[in-house]
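Enquirer: Got a structure here, written out as structure tokens. Questions coming.
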Amino acid sequence: MIELHRVSRTYGEGATRVEALVEIDLHIPAGQFVSIMGPSGSGKSTLLNLVSALDVPTAGTIRIDGQDIGTLDDDALTLFRRRKVGLIFQFFNLLPTLNAADNVLLPVMLERKATAADRDRALAILDSVGLGKRAHHHVHELSGGEMQRVAIARSLILEPRLILADEPTGNLDSATGRSILELLKRTARDHGTTVVMVTHDRAAAEAGDRLVRLRDGHLEGDEAVTVPSVGGVG
Amino acid sequence: MRALLRGLGRLFTGALLSLVHLAALALSPWRIGRLLRTVSLPRFYEHRLRTALTVLGIALGVAMLISVVLVNRSILRSFAETLDDISGKADLEVTAAASYEEEKLEGIRGVAGVLRATPVVQETALLRLPGAKGERLLIIGVDFLGEDDEHFRRYDSAEMKAIKDDPIAFLNASTHLIIGRKLADRYGLKLKDAVPIQTPTGVQQFEIWGFIEDEGVGRAFGGAVAVMYYQAMQVAFDRGTRIDRVDVALAPDTPAEQVCAAIAAALGPGFEANRPDRRNAQVSQMLGGLNLALTMGSLVAILVGMFLIYNTMSISVVQRKRELGILRALGTTKRQILALFTLEGFLLGCVGSALGVAIGLGLARFMLAALTASVNEIYLQVAATEVHVDPLLVLAGFALGVAGAVASAFVPAREATRVSAVQTLRTGRFTPQAPRRGFTRADAGALALAGAALIARALPPIAGQPYGPFAATTLVLLSLALCLPRVLGLVRAILRRPLEAALGVEARLANDNVPRDLRRATITAGALMVGVSLTVAFAAFLGSFKTSTLKWVSQTVPADIFVTSGARFSGVKNTPMADTLREPLSAIPGVAEVDRIRIINIVYRDLPIKLLSANLEIFAKHSQMTFLQGDAETSVPAVLQGDVMVSENLARRLDLKVGDAIKLAAPTGERSYRLAGVILDYTSDQGTVILDRATMIRDWNDARVDTYELYLQPGADPEPVKRAIEEKYGEALNLFVLTQTEFRGELEHILDQTFAVMNALEFVALVIAVLGVVNALLATVLDRIRELGVLRAIGMLRRQVRRMVMLEAGILGISAVIAGIVAGLVLGFILIHDIFVVQSGWYIELLFPGVEIAQVAVLVVIVSTLAGWYPAREAARLNVSDALEYE
Numbered sequence: 014m015i016e017l018h019r020v021s022r023t024y025g026e027g028a029t030r031v032e033a034l035v036e037i038d039l040h041i042p043a044g045q046f047v048s049i050m051g052p053s054g055s056g057k058s059t060l061l062n063l064v065s066a067l068d069v070p071t072a073g074t075i076r077i078d079g080q081d082i083g084t085l086d087d088d089a090l091t092l093f094r095r096r097k098v099g100l101i102f103q104f105f106n107l108l109p110t111l112n113a114a115d116n117v118l119l120p121v122m123l124e125r126k127a128t129a130a131d132r133d134r135a136l137a138i139l140d141s142v143g144l145g146k147r148a149h150h151h152v153h154e155l156s157g158g159e160m161q162r163v164a165i166a167r168s169l170i171l172e173p174r175l176i177l178a179d180e181p182t183g184n185l186d187s188a189t190g191r192s193i194l195e196l197l198k199r200t201a202r203d204h205g206t207t208v209v210m211v212t213h214d215r216a217a218a219e220a221g222d223r224l225v226r227l228r229d230g231h232l233e234g235d236e237a238v239t240v241p242s243v244g245g246v247g
Numbered sequence: 026m027r028a029l030l031r032g033l034g035r036l037f038t039g040a041l042l043s044l045v046h047l048a049a050l051a052l053s054p055w056r057i058g059r060l061l062r063t064v065s066l067p068r069f070y071e072h073r074l075r076t077a078l079t080v081l082g083i084a085l086g087v088a089m090l091i092s093v094v095l096v097n098r099s100i101l102r103s104f105a106e107t108l109d110d111i112s113g114k115a116d117l118e119v120t121a122a123a124s125y126e127e128e129k130l131e132g133i134r135g136v137a138g139v140l141r142a143t144p145v146v147q148e149t150a151l152l153r154l155p156g157a158k159g160e161r162l163l164i165i166g167v168d169f170l171g172e173d174d175e176h177f178r179r180y181d182s183a184e185m186k187a188i189k190d191d192p193i194a195f196l197n198a199s200t201h202l203i204i205g206r207k208l209a210d211r212y213g214l215k216l217k218d219a220v221p222i223q224t225p226t227g228v229q230q231f232e233i234w235g236f237i238e239d240e241g242v243g244r245a246f247g248g249a250v251a252v253m254y255y256q257a258m259q260v261a262f263d264r265g266t267r268i269d270r271v272d273v274a275l276a277p278d279t280p281a282e283q284v285c286a287a288i289a290a291a292l293g294p295g296f297e298a299n300r301p302d303r304r305n306a307q308v309s310q311m312l313g314g315l316n317l318a319l320t321m322g323s324l325v326a327i328l329v330g331m332f333l334i335y336n337t338m339s340i341s342v343v344q345r346k347r348e349l350g351i352l353r354a355l356g357t358t359k360r361q362i363l364a365l366f367t368l369e370g371f372l373l374g375c376v377g378s379a380l381g382v383a384i385g386l387g388l389a390r391f392m393l394a395a396l397t398a399s400v401n402e403i404y405l406q407v408a409a410t411e412v413h414v415d416p417l418l419v420l421a422g423f424a425l426g427v428a429g430a431v432a433s434a435f436v437p438a439r440e441a442t443r444v445s446a447v448q449t450l451r452t453g454r455f456t457p458q459a460p461r462r463g464f465t466r467a468d469a470g471a472l473a474l475a476g477a478a479l480i481a482r483a484l485p486p487i488a489g490q491p492y493g494p495f496a497a498t499t500l501v502l503l504s505l506a507l508c509l510p511r512v513l514g515l516v517r518a519i520l521r522r523p524l525e526a527a528l529g530v531e532a533r534l535a536n537d538n539v540p541r542d543l544r545r546a547t548i549t550a551g552a553l554m555v556g557v558s559l560t561v562a563f564a565a566f567l568g569s570f571k572t573s574t575l576k577w578v579s580q581t582v583p584a585d586i587f588v589t590s591g592a593r594f595s596g597v598k599n600t601p602m603a604d605t606l607r608e609p610l611s612a613i614p615g616v617a618e619v620d621r622i623r624i625i626n627i628v629y630r631d632l633p634i635k636l637l638s639a640n641l642e643i644f645a646k647h648s649q650m651t652f653l654q655g656d657a658e659t660s661v662p663a664v665l666q667g668d669v670m671v672s673e674n675l676a677r678r679l680d681l682k683v684g685d686a687i688k689l690a691a692p693t694g695e696r697s698y699r700l701a702g703v704i705l706d707y708t709s710d711q712g713t714v715i716l717d718r719a720t721m722i723r724d725w726n727d728a729r730v731d732t733y734e735l736y737l738q739p740g741a742d743p744e745p746v747k748r749a750i751e752e753k754y755g756e757a758l759n760l761f762v763l764t765q766t767e768f769r770g771e772l773e774h775i776l777d778q779t780f781a782v783m784n785a786l787e788f789v790a791l792v793i794a795v796l797g798v799v800n801a802l803l804a805t806v807l808d809r810i811r812e813l814g815v816l817r818a819i820g821m822l823r824r825q826v827r828r829m830v831m832l833e834a835g836i837l838g839i840s841a842v843i844a845g846i847v848a849g850l851v852l853g854f855i856l857i858h859d860i861f862v863v864q865s866g867w868y869i870e871l872l873f874p875g876v877e878i879a880q881v882a883v884l885v886v887i888v889s890t891l892a893g894w895y896p897a898r899e900a901a902r903l904n905v906s907d908a909l910e911y912e
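Protein chains in written order, with our numbering: chain A, 14 to 247; chain B, 26 to 912.
What follows is the structure, given as structure tokens:
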């Protein structure tokens, strides 16, 4: 599903040059839930940005579903993100002018005119994340946990092969965080979706099947998660 | 090319910022100056384009104001200088309503206290030299051989002594003159050269007997001046024995008022002795309406510039909340914050106004030619060629620009002081403003302002000027600006579905984004609204005025062919013709009747009006006069018997009624005419008295003709008649032969030319408003960087982002257009019903300017949408991962 081959990313020049990622090799098969952990500045967000085609590597290749995304132009990358990737952010990043259902429908509306079937599907997804009754509420009427559920629902609407989550529980209390992780796990399992989640929280990281650890831009560890339960999060 | 443009743009913004920087450095010895340098300057640099746009907005407003005021002053000053140069040392001028017989001179000389008195004849004639291109020459006829004239004027001329030593040779012909050195040099004229000049009897060759240096009289009318012996001039210009005035010098210690009264008593009713500068006041009054309209127009440009400053400062406060929080947390007082923001406004105002002064001085030079041409066409002959820079006026313009900037910065500055340190240091989350429901404070304000506008409309004129209605226009604009949030809401509600259906989710998001910063949106749309409303109001006014005038021409002046000399229209620029063409013109095949129109300038009850004569029998037969008092059946026979009619505007100004006596000082003595009717007439914006040609010849000794109006036989083609006239008489008499269609076209052209400056003002107001759109949208993009990052991350294409931002600009444009059309129609109504009526006395019907409204609506929506292009491009170019991390 995801293949990184000797991927490096540097920022700046000369004295200000920072090596955010150094020759990373990583293979993530389809359907796997991978947590990426590391302290601040370890390169985990950079890695996520590269995999989600928000950024391009300085060296190396990234293949997703066999497609070398380094060869795509901006429009193709955007369409790739829209159709194949579901993104979840720490700060929810919902559009404040839309209600929950419309936020979920947004990727569809960017793709085409939303049909009644699309609306039904958005409502069904919202229902599945426990927000069936909040579908027509505006964003500012929702709690943090509810907003993150809407964000997850939005990431699912176009049935992407890959969900990328950047600290999805970082801004939530621990109970809500746990329920969000459960939701992500369930989603991955039910839809066979690959999930890559960046977190700095060990407990949250253990929600996945596999834990990849980064430090100073290098791969420090890559192991299967043996503890199946979701611990304290926050 | 793009690189060049980009380079120039950078150079421009760099230069502006350097000016701002220098101004800030000048304040650095003070603590607030240091704060300005360390806190504000980096902001100005960071948002250099917005800073530059704001400065440019103020600069354009100030530039328009300064140029308009300077040009007005220069025209008036040019007139006054010519008057001073010609009048010389005259203490008094003796005038009647028009020219009068020279025999009155002796009566004046006999008045006690009159030391010297000398006659003056004056004409502005067309120079027919090759390459003169319609240049006019001011010819003054004086008695420079008499002793008295020497007292008044000096003719700095080497040849004058020779002429005085042997006057017989000079007086031997009626075509000898001395001309201004400046004019002679311009055309390479030498002594004894012939100068062709248009006279009532055709082009005559005048002979140069000397030159006057560029001093005193020689400097009058921009140096395009000639001096003749006054009796020679009477012959050359078919003036009989009439003179235009007598210049009087008083004996020492003689009270002028006493002599004025004695002269008036000695000459009889209708004659007046006044100080020469009184004519300045009359001209000032004549041009008062035009001046006021232009000044108000340029003030609107400043108002729009103020919108821009207010917008910029508000945006700045919102974007710097965090920084303000830090400053407050570090101990900066509220007063310092207030001073800092007000000072920023002051700084931008200083730089913008300084730039505005520079642009204004340049612009004035361009504008002078255009406005002088209009004034020459309609009001009087002036030769304003130089902009007189009055430092006080320039300073006043600068101060107004700065004051406007400070005033517009003050409200956002006060808001900045309310920023709480604790609140702003927290990372805020967006909370949409709750939609306004019910009756808001803005609604109350809008209603109060509308009420105030109604009251201001009804205020009586002050010193003949409708200041109340002018104030009402501003109040209407402010009232509608307060209604803008409702208009925006309405437009969004109407556009929501169709836009989304046609343009997709980008349209939906753009529509939803508009009210997110309602105040910013309102101010941006408000500035555009002002620009649109000006355009609509002037279009309504000009369209209505044109339609009324052209309708009047086709109904009241339905001649098939108009023949004038020296200019296309009779009035200010043409040369009156001797009455020699009626018979030959009548003999041309196809011509049925020939009417002769004579128009002279007279003064009646201190108003510089026109006295128009026509053969009332012919005139009444063809014309369908619109009577406001009296009727054709009774009025026309009465006028044929010696009564007069007056124009609607004169009747309204002086409250004249049928049956009133109109006393005019004719050259043959004061005449009292009975008013037989009031008709619609657009000959003069000051007023017109209409009489029969026989009465004109009898009482005013004036048989000359300004226009021959030809009525053709039914079915006759005007073109061959026109050609025949041109071939036979065109060259010799410098005739202009216009068909009815051409006459109407020419009239339309003159009206357009007159109002061209107004169009320029509208244009500037719109440009400033569009700068406001760019400014506001750049701020919007900056405010929503993170959100744009999210949209791009979840799959919005760059072109979709661009479209979204541009559509937001378009929706603002549509709202502004709707409010602007409403405001423009109200303004047009006030302009026509309350302002124009007072200034001209004409009551015209307001016509709905549908075509112009459609044009401006489409143009403004397109331009405002395009104004979103640059911010849209910036939005689309954002680096997505950077944008997502943006705080």
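Positions of the beta carbon are idealized from the N, C-alpha and C atoms, including for glycine.
Going straight from the alpha carbon of R353 of chain B to that of I340 of chain B, what length do you get?
Expert: Distance between the alpha carbons of R353 of chain B and I340 of chain B: 19 Å.
Enquirer: Report, in whole angstroms, the separation of the C-beta atoms of D110 of chain B and V242 of chain B, which I expect to be a contact under 8 Å.
Expert: About 6 Å; that satisfies the 8 Å criterion.
Enquirer: So, does the CB of T212 of chain A fall closer than 7 Å to a CB anywhere in chain B?
Expert: With 7 Å as the cut-off, T212 of chain A does not count as an interface residue toward chain B.
Enquirer: Counting pairs of beta carbons, one from the region 208 to 218 of chain A and one from the region 48 to 64 of chain A, are three or more of them closer than 8 Å?
Expert: Enough Cβ pairs lie closer than 8 Å, so yes.
Enquirer: If you measure from the beta carbon of P120 of chain A to each beta carbon in chain B, is any gap under 7 Å?
Expert: Yes - at least one Cβ of chain B is within 7 Å of the one on P120 of chain A.
Enquirer: Count the other CB atoms, across all protein chains shown, that sit within 10 Å of the CB of K646 of chain B; report buried if there are 16 or more and exposed otherwise.
Expert: So K646 of chain B ends up on the exposed side.
Enquirer: Does the structure place the region 149 to 158 of chain A close enough to the region 107 to 116 of chain A that three or more beta carbon pairs sit under 8 Å?
Expert: Counting Cβ pairs under 8 Å, three or more are found: they touch.
Enquirer: Suppose you measure from the CA of I793 of chain B to the CA of E348 of chain B; what does that come to, to the nearest Å?
Expert: Their backbone Cα atoms lie some 29 Å apart in a straight line.
Enquirer: Please confirm if D907 of chain B has its CB atom under 7 Å from at least one CB of chain A.
Expert: Chain A, which has no Cβ nearer than 7 Å to the Cβ of D907 of chain B, makes this no.
Enquirer: Just checking: is the beta-carbon of L822 of chain B within a distance shorter than 7 Å of some beta-carbon in chain A?
Expert: Yes - at least one Cβ of chain A is within 7 Å of the one on L822 of chain B.
Enquirer: Ends of the alpha helix (DSSP H) at S48 of chain A?
Expert: Counting along the chain, S48 of chain A falls outside any alpha helix (DSSP H), though it belongs to the beta strand (DSSP E) covering 46 to 50.
Enquirer: In chain order, which continuous runs of the alpha helix (DSSP H) of length 4 or greater are located wholly inside the region 154 to 226 of chain B?
Expert: Runs found: 172 to 177, 185 to 190, 192 to 196, 206 to 212.
Enquirer: Note down the Cα distance separating R621 of chain B from R304 of chain B, rounded to an integer number of angstroms.
Expert: Going from the Cα of R621 of chain B to the Cα of R304 of chain B covers about 30 Å.
Enquirer: Taking Cβ positions, are V35 of chain A and G230 of chain A nearer each other than 7 Å?
Expert: Yes, Cβ-Cβ distance for V35 of chain A and G230 of chain A is below 7 Å.
Enquirer: So, does the region 758 to 765 of chain B touch the region 576 to 592 of chain B, judging by three or more C-beta pairs under 8 Å?
Expert: With the cut-off at 8 Å, the region 758 to 765 of chain B and the region 576 to 592 of chain B touch.
Enquirer: Here's a check: name, in chain order, each residue in its chain whose Cβ is nearer than 6 Å to the Cβ of A10 of chain B, leaving out the five neighbours to either side.
Expert: Any property of residue 10 of chain B remains undetermined from this structure, which presents chain B solely from 26 to 912.
Enquirer: Quick one: Cα of R451 of chain B to Cα of R443 of chain B, how far?
Expert: Because R451 of chain B sits at a pLDDT of 48, beneath the cut-off of 50, its placement in the model cannot be relied upon, and the point is left open.
Enquirer: To the nearest angstrom, report how far apart L791 of chain B and E525 of chain B are at their CA atoms.
Expert: Whole-angstrom Cα-Cα distance: 28 Å.
Enquirer: How long is the line joining the alpha carbons of L328 of chain B and I83 of chain B, rounded to whole angstroms?
Expert: Near 9 Å, if we compare the C-alpha coordinates of I83 of chain B and L328 of chain B.
Enquirer: Can you tell me whether E402 of chain B is buried or exposed? The criterion is at least 16 other CB atoms within 10 Å of its CB, across all chains shown.
Expert: Classification for E402 of chain B: buried.
Enquirer: At 9 Å on the CB atoms, spell out the chain B contacts of F102 of chain A, in chain order.
Expert: Ordered by position in chain B, the residues that pass the 9 Å Cβ test against F102 of chain A are V815, A818, L909.
Enquirer: Count the other CB atoms within 10 Å of the CB of T239 of chain A; is the residue buried (16 or more) or exposed (fewer)?
Expert: Exposed: under 16 other Cβ atoms inside 10 Å.
Enquirer: Between R94 of chain A and chain B, is the shortest Cβ-Cβ distance under 7 Å, so that the two count as touching?
Expert: It does: the Cβ of R94 of chain A has a partner Cβ on chain B nearer than 7 Å.
Enquirer: In chain order, what residues of the same chain have a beta carbon less than 6 Å from the beta carbon of T581 of chain B, not counting five sequence neighbours either side?
Expert: For T581 of chain B, where only same-chain residues beyond five positions count, the Cβ hits under 6 Å are S648, M650.
Enquirer: Assuming L553 of chain B contacts G838 of chain B under a Cβ cut-off of 8 Å, what Cβ separation, rounded to an integer in Å, is found between them?
Expert: Correct: roughly 6 Å between the Cβ atoms.
Enquirer: Does DSSP put R451 of chain B in a helix, in a strand, or in coil?
Expert: Here the model assigns R451 of chain B a pLDDT of 48, short of 50, so the residue's position is not dependable, and the following value carries that caveat. If DSSP states are grouped into helix, strand and coil, R451 of chain B belongs with coil.
Enquirer: What does the alpha-carbon distance come out to for the pair F594 of chain B and K635 of chain B?
Expert: Cα-Cα distance, rounded: 14 Å.
Enquirer: Have a look at A901 of chain B and A546 of chain B and give me their C-alpha separation to the nearest angstrom.
Expert: Taking the straight line from one Cα to the other gives about 21 Å.
Enquirer: Does any residue of chain A have a CB that is nearer than 7 Å to the CB of V789 of chain B?
Expert: Judged by the 7 Å Cβ criterion, V789 of chain B is not in contact with chain A.
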